[in-house]
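Student:
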Amino acid sequence: MPIGITALGTYAPTRVLTNKDLEGMFDTSDEWIVSRTGIRERHLSGEGEFASDMGVRAVNDLLARYPGVLDGVDLVVCATSSPDAYFPSTAALIAGQVGLNGAGALDVSVACSGFVYALSVAQGMLLAGTARKALVLGAEVLSKIVDWTDRSTCILFGDGAGAAVVEEVPEGYGFQSFVLGADSVGGPSLYKFAVADRIPGVPVGEGNMMLGMNGREVFKFAVRVLSDSGEKAMNKAGLKGSDIDWMVPHQANVRIIESACQRFGVSMDKTVVNLDRYGNTSTASVPLALREALDDGRIQDGDQLLLVAFGGGLSWGAGAMKWYGGAGKRAAAQEQESDQELVVQ
Ligand SMILES: CC(C)(COP(=O)(O)OP(=O)(O)OC[C@H]1O[C@@H](n2cnc3c(N)ncnc32)[C@H](O)[C@@H]1OP(=O)(O)O)[C@@H](O)C(=O)NCCC(=O)NCCS
Numbered sequence: 004m005p006i007g008i009t010a011l012g013t014y015a016p017t018r019v020l021t022n023k024d025l026e027g028m029f030d031t032s033d034e035w036i037v038s039r040t041g042i043r044e045r046h047l048s049g050e051g052e053f054a055s056d057m058g059v060r061a062v063n064d065l066l067a068r069y070p071g072v073l074d075g076v077d078l079v080v081c082a083t084s085s086p087d088a089y090f091p092s093t094a095a096l097i098a099g100q101v102g103l104n105g106a107g108a109l110d111v112s113v114a115c116s117g118f119v120y121a122l123s124v125a126q127g128m129l130l131a132g133t134a135r136k137a138l139v140l141g142a143e144v145l146s147k148i149v150d151w152t153d154r155s156t157c158i159l160f161g162d163g164a165g166a167a168v169v170e171e172v173p174e175g176y177g178f179q180s181f182v183l184g185a186d187s188v189g190g191p192s193l194y195k196f197a198v199a200d201r202i203p204g205v206p207v208g209e210g211n212m213m214l215g216m217n218g219r220e221v222f223k224f225a226v227r228v229l230s231d232s233g234e235k236a237m238n239k240a241g242l243k244g245s246d247i248d249w250m251v252p253h254q255a256n257v258r259i260i261e262s263a264c265q266r267f268g269v270s271m272d273k274t275v276v277n278l279d280r281y282g283n284t285s286t287a288s289v290p291l292a293l294r295e296a297l298d299d300g301r302i303q304d305g306d307q308l309l310l311v312a313f314g315g316g317l318s319w320g321a322g323a324m325k326w327y328g329g330a331g332k333r334a335a336a337q338e339q340e341s342d343q344e345l346v347v348q
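Under my numbering, the residues of the sequence shown are numbered 4 to 348, in order.
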């Protein structure tokens with residue numbers, strides 16, 4: 004039974020923080036940030052807004068695009084690096100607010116690789132018969148866990164969310180392969196403490212409670228795993244670079260994406276990049292990029308996609324899929340029909 008994404012909604016807060024704004028906060032420049040990362044601005048949540056709020060708004064967008072699409076959802080999986088609480092899970096909080104109280108709900112904690120992991124978790128649970136239809140989210144308020152006095156990390160991150168419906172799709176569509184991995188030896192390169200003020204490899208007392216990162220190490224790791232895991236996901240699905248219509252990578256740094264593309268022979272013209280306007284939104288980055296490429300018509304029904312992500316753990320996740328646009332077309336047709344009915348009335 005092929006499983007795939009049938010609907011996708013996203014949200015980014017309206018408040019925008021530009022590189023120019025950052026120039027007024029500490030010693031940095033638009034030129035430094037753009038040349039090192041490609042990022043020009045990011046969206047920031049308000050004071051009382053958290054990951055579950057981002058997620059609920061992404062679901063509202065989903066419902067506006069595909070009315071009734073949550074009917075039958077019996078599983079909510081939320082990937083997040085900045086959960087509202089240890090428990091209740093962010094997934095349960097979102098479920099409660101979007102009319103899915105009672106559905107199975109769990110968070111997936113794999114930092115920025117989380118959305119790809121969560122898709123694969125949902126696919127596994129659907130294939131096992133544990134659930135029939137899943138809502139998969141990536142929801143983040145990274146701006147609330149970065150140290151705003153650390154100019155080498157805080158410039159990178161932004162807030163937002165994506166919400167996808169995952170269910171059975173027609174033959175020939177949907178997920179073809181997933182490759183997941185993690186390597187805790189690299190853990191000290193990107194971390195965020197929780198209960199224990201202790202992570203193997205991070206000298207005791209060196210970290211504060213905000214996100215810690217060794218940018219150079221993460222950069223080298225990211226270039227390597229983006230291409231390696233992407234290659235493995237393609238091989239597993241029997242694909243080669245020339246089969247890929249669109250690569251949708253985690254949006255961390257345009258130089259990482261360019262180097263990875265060069266390594267495994269997917270052209271930048273076939274790669275979706277929107278980090279210039281969002282920064283790194285962790286688990287929300289892949290759905291935000293995917294939605295943008297659907298909205299502007301780059302990604303079409305039947306396109307061969309490759310999703311690749313990496314993040315804290317260190318972790319990585321890649322997935323090949325044939326995009327199923329059928330549900331979107333149905334929703335658009337329904338909308339047209341109801342518009343016509345309104346005109347007739
Ligand atoms: C963070 C990153 C942009 C830093 O770029 P870099 O070329 O490695 O820069 P470095 O950290 O070596 O710093 C170079 C210099 O710029 C300075 N610098 C750091 N941040 C700066 C900023 N925002 N503005 C101006 N100067 C800055 C450093 O202090 C250093 O100065 P020094 O040479 O006088 O010591 C880059 O390493 C990166 O993007 N890594 C990947 C991070 C990532 O993607 N993380 C999330 C993964 S999910």
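Here a beta-carbon is modelled for each residue, glycine too, at the ideal position from N, C-alpha and C.
Predicted model, so just to flag it, every value in this text is computed and none were measured.
#1: So is the beta-carbon of N283 under 8 Å away from any non-hydrogen atom of ligand 1?
#2: Less than 9 Å between the beta carbons of V169 and K136, yes or no?
#3: So what's Q339 in DSSP terms, helix, strand or just coil?
#4: State the Cα-Cα distance for the pair F313 and L229, rounded to the nearest angstrom.
#5: Which residues in the same chain as S32 place their Cβ atom closer than 7 Å to its Cβ, once the five residues preceding and following it in sequence are excluded?
#6: Run through DSSP, which three-state label would F1 get?
#7: The beta strand (DSSP E) with F53 in it runs from where to where?
#8: Measure the alpha-carbon distance for L11 versus A167 and round it to whole angstroms.
#9: Within 9 Å (strictly less), CB to CB, does Y120 reach chain D?
#10: Using a threshold of 9 Å, state whether the C-beta atoms of S48 and V144 are closer than that.
#11: Whose CA, out of P290, T274 and G331, lies closest to the CA of Y281?
#12: Run the CB neighbour count on Q348, radius 10 Å, all protein chains shown included, and call it buried at 16 or more, exposed below.
#13: What residue ranges within the region 199-286 form continuous alpha helix (DSSP H) runs of no fewer than 4 residues, ordered along the chain?
#14: Once the 5 residues before and after V139 are set aside, which same chain residues still bring their CB inside 7 Å of it?
#15: Is the region 148-163 touching the region 173-190 in the sense that three or more CB pairs, one from each, lie closer than 8 Å?
#16: Should F118 be listed as close to ligand 1, given that the test is whether its C-beta is under 8 Å from any heavy atom?
#17: Can you tell me whether Y69 is buried or exposed, with buried defined as 16 or more other CB within 10 angstroms of its CB?
#18: Let me confirm a value: A351 is counted as buried when at least 16 other C-beta atoms fall within 10 Å, else exposed. Which label applies?
#19: On the DSSP letters alone, give me the boundaries of the beta strand (DSSP E) that R45 sits inside.
#20: Confirm the yes/no value for this check: CB of I302, any heavy atom of ligand 1, distance under 8 Å.
#21: Is I302 closer than 9 Å to V276 when the C-beta atoms are compared?
#22: Confirm, please, whether the CB-CB distance from Q179 to L242 is below 9 Å.
#23: Apply the 10 Å Cβ neighbour rule to F160 and answer buried if 16 or more other Cβ atoms are within range, or exposed otherwise.
#24: Give the secondary structure of T13 by DSSP, where H, G and I count as helix, E and B as strand, and everything else as coil.
#25: Can at least three beta-carbon pairs, one atom from the region 85-98 and one from the region 252-270, be found at a separation below 8 Å?
Tutor: On the basis of the coordinates in this document:
#1: Checking every heavy atom of ligand 1 against the Cβ of N283, one is found closer than 8 Å.
#2: Cβ atoms of V169 and K136: closer than 9 Å.
#3: Three-state result, Q339: helix.
#4: The alpha-carbon atoms of F313 and L229 are separated by roughly 7 Å.
#5: Answer for S32: E26, listed in chain order.
#6: Since the first and last residues shown for the chain are 4 and 348, residue 1 lies out of range.
#7: In the DSSP annotation of this structure, F53 is not part of any beta strand (DSSP E), being labelled neither H nor E.
#8: Approximately 4 Å between the Cα atoms of the pair.
#9: This model lacks chain D altogether, as it is built from one protein chain only.
#10: When the beta-carbon positions are compared, S48 and V144 come within less than 9 Å of each other.
#11: Out of P290, T274 and G331, P290 has the C-alpha closest to the C-alpha of Y281.
#12: A caution first: Q348 carries a pLDDT of 45, below 50, which makes its placement in the model too unreliable to give a value.
#13: Within the region 199-286, the runs of alpha helix (DSSP H) at least 4 residues long that lie entirely inside it are, in chain order, 218-239, 257-267 and 278-281.
#14: Within the same chain, V139 has close Cβ partners V80, A121, L122, A125, A167 and V169.
#15: Contact fails: fewer than three Cβ-Cβ distances are below 8 Å.
#16: In this structure, F118 has its beta carbon at no less than 8 Å from each heavy atom of ligand 1.
#17: Result: buried.
#18: There is simply no residue 351 to check, as the chain begins at 4 and stops at 348 in what is shown.
#19: That run of the beta strand (DSSP E) goes E44 to H46.
#20: In this structure, ligand 1 has no non-hydrogen atom nearer than 8 Å to the beta-carbon of I302.
#21: Taking 9 Å as the Cβ cut-off, V276 and I302 do not qualify as a contacting pair.
#22: Going by C-beta atoms, L242 is nearer than 9 Å to Q179.
#23: Buried is the label assigned to F160, since at least 16 other Cβ atoms lie within 10 Å of its Cβ.
#24: The answer is strand: DSSP assigns T13 an E or B state.
#25: Segments in contact, no.
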